[in-house]
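Q: One structure, as structure tokens, below. Some questions next.
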Amino acid sequence: MKKFKLGLLPKLIIGIIVGIILGLLAGEMQSMSSGMARFGIVIMQIYATITTMFHQFLMFSIPLIIMGFLIPGITEIGKNAGRLVGIVVVFAYLLTVSAGIVAYFVTYALSDVIVATSGDLGAYRAPVPPPIALGIPPIMGVITALVLSFIVGIFLTTLEGESTLKKAIFDLQHIVKQLVHKVIIPVLPFHISGLFAAMAYEGQIVEAMGIFARLFILIIVMHLIFLLVLYVIAGALYGANPFRLMKIMLPTYLTALGTQSSMATMPVNYLNVKKIGIDPKVAEFIVPFGATILLPGSTMSIVACAVVVMAMFGEPVTLAMIIPFVMMLGVMMVAAPGVPGGAIMAALGALEISLGFSAPMMTLMMALYFAQDSFGTAVNISGDGAVAMYLNRFLGHKTLKPVSTAEAESGTTNN
Numbered sequence: 037m038k039k040f041k042l043g044l045l046p047k048l049i050i051g052i053i054v055g056i057i058l059g060l061l062a063g064e065m066q067s068m069s070s071g072m073a074r075f076g077i078v079i080m081q082i083y084a085t086i087t088t089m090f091h092q093f094l095m096f097s098i099p100l101i102i103m104g105f106l107i108p109g110i111t112e113i114g115k116n117a118g119r120l121v122g123i124v125v126v127f128a129y130l131l132t133v134s135a136g137i138v139a140y141f142v143t144y145a146l147s148d149v150i151v152a153t154s155g156d157l158g159a160y161r162a163p164v165p166p167p168i169a170l171g172i173p174p175i176m177g178v179i180t181a182l183v184l185s186f187i188v189g190i191f192l193t194t195l196e197g198e199s200t201l202k203k204a205i206f207d208l209q210h211i212v213k214q215l216v217h218k219v220i221i222p223v224l225p226f227h228i229s230g231l232f233a234a235m236a237y238e239g240q241i242v243e244a245m246g247i248f249a250r251l252f253i254l255i256i257v258m259h260l261i262f263l264l265v266l267y268v269i270a271g272a273l274y275g276a277n278p279f280r281l282m283k284i285m286l287p288t289y290l291t292a293l294g295t296q297s298s299m300a301t302m303p304v305n306y307l308n309v310k311k312i313g314i315d316p317k318v319a320e321f322i323v324p325f326g327a328t329i330l331l332p333g334s335t336m337s338i339v340a341c342a343v344v345v346m347a348m349f350g351e352p353v354t355l356a357m358i359i360p361f362v363m364m365l366g367v368m369m370v371a372a373p374g375v376p377g378g379a380i381m382a383a384l385g386a387l388e389i390s391l392g393f394s395a396p397m398m399t400l401m402m403a404l405y406f407a408q409d410s411f412g413t414a415v416n417i418s419g420d421g422a423v424a425m426y427l428n429r430f431l432g433h434k435t436l437k438p439v440s441t442a443e444a445e446s447g448t449t450n451n
């Protein structure tokens, strides 16, 4: 009999549900007897230990994943890699700027409705620190790994024959793939469960207050429509059903909701992009690259939050102000690391320079942004599947070659 194997999507859903339930229960126990309160703390300490240690290990692994995927990807694409990188960067910038402009017009048109009443962040329960934490610093930063990958990958294409360095790079790729398939993917549902448990325990799961709720809904609707447009265009290139494509990418979306990190979601995204039927060489190029430079969802969120904050403070916000801001923001988003909060941290300079944000406005801006950060991240990384389809078609692949979940997770479909 064929052995039953639970797929990644069911594991993610189960982990999210269990995490929310345990987080809420642990929070309720704080108002009970000291013994029950202590038991609730122990539950959260276990979760905090799992999520903290896995997060540190994942951050250590990310530069290796970037180099293990991106350098061979650039090398195998061939001598056009330099031009291709430039094309993808320009496309990412234009996509980011377009997303920001659209977000401005929509949010500005609805700003009177959204800012009808002012919201209050309320008081959140303090997070439970992990009893055990190991410091595992990465061997290099994300941007360093990215630049190094470009340099090595592009210039490896100029070497004739099979050099020793090229062989070592592909050995590194094999090791990284084993790391992804044997360690990161199996542990990921537990990590996500812990993240949702923490949000439930701290009181951040339910957000139903005035301006936050309305802005939250508006941003999500804009995100989903944006994703739908991306996949409708991508599906039209191949005659594929956009809803089927989005269903394949759903585990990527859910993983990003939990991790709030494009880089942390990269292993899952790689599997799903391959399942769509993208050429493996294209997938290995665009997945790590896109996780760093394709941030249209975060851009939409930042622009929407900025417009609402300015409206709350009674500051004028015109198209003449927003265009320079969005153009500067586009450059910063390309350089922003794909980690939780990376986009808004990179955007703070643009907010101050272009829109004149004061310290109180910055504080409110960050509060609004972090309340929905995971949804922007989910759009960023989920949209990579559509961008991979565009690139796949640009490189002359006129058909998709879907693979099964087992084939994608085994890492055997490399050619």
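Sequential numbering of the sequence shown, starting at 37, is according to the working numbering.
The beta carbon of each residue, even a glycine, is placed where N, CA and C say it ideally should be.
How close, in whole Å, do the beta carbons of Gly9 and Ala236 come, if the pair is a contact with beta carbons under 8 Å?
A: Lying before the first or after the last residue shown, residue 9 is absent from the chain, which here runs from 37 to 451.
Q: Using three-state DSSP, classify Val345 as helix, strand or coil.
A: Residue state for Val345 is assigned as helix, using DSSP reduced to three classes.
Q: By alpha-carbon positions, which one of Met364, Lys437, Gly136 and Arg250 ends up nearest to Ser147?
A: Arg250
Q: Quick one: what's got a C-beta closer than 7 Å to Pro324's C-beta in the same chain, skipping five residues either side?
A: Ile101, Ile102, Phe105, Leu106 and Met302
Q: Run the CB neighbour count on Phe248, radius 10 Å, all protein chains shown included, and call it buried at 16 or more, exposed below.
A: buried
Q: Please report how far the alpha carbon of Val219 lies from the alpha carbon of Ala300, in whole angstroms.
A: 13 Å
Q: Given this structure, state the Cα-to-Cα distance separating Ser337 from Met398, to the nearest angstrom.
A: 14 Å
Q: Let's see if you can read the secondary structure: which residues bound the alpha helix (DSSP H) around Gly313?
A: Segment: none, Gly313 is in no alpha helix (DSSP H) and carries neither H nor E.
Q: Report the option in Leu215, Leu254, Phe262 and Phe186 whose CA atom is closest to the CA atom of Phe93.
A: Leu215
Q: Given His210, which residues of its chain have a CB within under 7 Å of its CB, disregarding the five upstream and five downstream residues?
A: none
Q: Does the separation of the CB atoms of Gly136 and Thr335 fall below 7 Å?
A: yes
Q: Tell me, to the nearest whole angstrom, how far the beta carbon of Met368 is from that of Ala386; I am working on the premise that it is less than 8 Å.
A: Between Ala386 and Met368 the Cβ distance is about 6 Å, and since that is below 8 Å, they are a contact.
Q: Can you look up His259 in the DSSP assignment and give me helix, strand or coil?
A: helix
Q: Would you report the Cα separation of Leu281 and Val121, rounded to the nearest angstrom?
A: Taking the straight line joining both Cα atoms gives about 25 Å.
Q: At what residues does the alpha helix (DSSP H) containing His227 begin and finish?
A: Ile221 to Glu238
Q: From this set, Leu48, Tyr426 and Ile49, which residue's C-alpha is nearest Gly275's C-alpha?
A: Tyr426
Q: Buried or exposed: where does Met401 fall if 16 or more other Cβ atoms within 10 Å of its Cβ makes it buried?
A: buried
Q: Where are the alpha helix (DSSP H) runs, 4 residues long or more, that stay fully inside the segment 44-84, in chain order?
A: If we require 4 residues or more, the alpha helix (DSSP H) runs fully inside the segment 44-84 come out as 44-65.
Q: When you compare each of Gln296, Gly313, Met258 and Arg429 to Met285 by their alpha carbons, which one comes out closest?
A: Gly313
Q: Are the beta-carbon atoms belonging to Leu293 and Ser410 less than 7 Å from one another?
A: yes
Q: Do Gly76 and Ala62 have their C-beta atoms closer together than 7 Å?
A: If you check the CB distance, Gly76 and Ala62 come in under 7 Å.
Q: Tyr140 and Val339: beta carbons closer than 7 Å?
A: In this structure, Val339 lies closer than 7 Å to Tyr140 by Cβ.
Q: CA-CA distance, Gly421 and Val309?
A: 6 Å
Q: For a test of the three-state rule: what should DSSP assign to Ala128, helix, strand or coil?
A: helix
Q: Who are the near neighbours of Ala73 in its chain, counting only those whose CB is closer than 7 Å to its CB and skipping five residues on each side?
A: Met65 and Gln66
Q: When you compare the CB positions of Ser390 and Pro360, do they come within less than 7 Å of one another, or not?
A: yes
Q: Under 8 Å Cβ to Cβ from Ile123, same chain only, skipping five residues before and after it: list those, please.
A: Phe430
Q: Do the CB positions of Phe252 and Pro108 come within less than 7 Å of each other?
A: no
Q: Around the Cβ of Pro332, are there at least 16 other Cβ atoms within 10 angstroms (buried) or fewer (exposed)?
A: buried
Q: Please report the Cβ distance between Thr193 and Thr111, rounded to the nearest whole angstrom; I am assuming they are in contact, meaning their Cβ atoms lie under 8 Å.
A: 6 Å
Q: Excluding five sequence neighbours on each side, which residues of the same chain lie with their C-beta closer than 8 Å to the C-beta of Val268?
A: Pro278
Q: Which of the three DSSP states, helix, strand or coil, is assigned to Gln408?
A: coil
Q: To the nearest angstrom, how far is the alpha carbon of Val54 from that of Ser229?
A: 7 Å
Q: So the candidates are Val151, Gln81, Ser134 and Leu131; which of them puts its Cα closest to the Cα of Cys341?
A: With distances taken between Cα atoms, Cys341 lies closest to Val151.
Q: Tell me the DSSP secondary structure of Leu210 in three-state form.
A: According to the sequence displayed, residue 210 carries His and not Leu. Three-state DSSP puts His210 in a helix.
Q: Can you list, in chain order, the residues of its chain whose CB lies under 6 Å from that of Ile49, leaving out five sequence neighbours each side?
A: Answer for Ile49: no residue qualifies.
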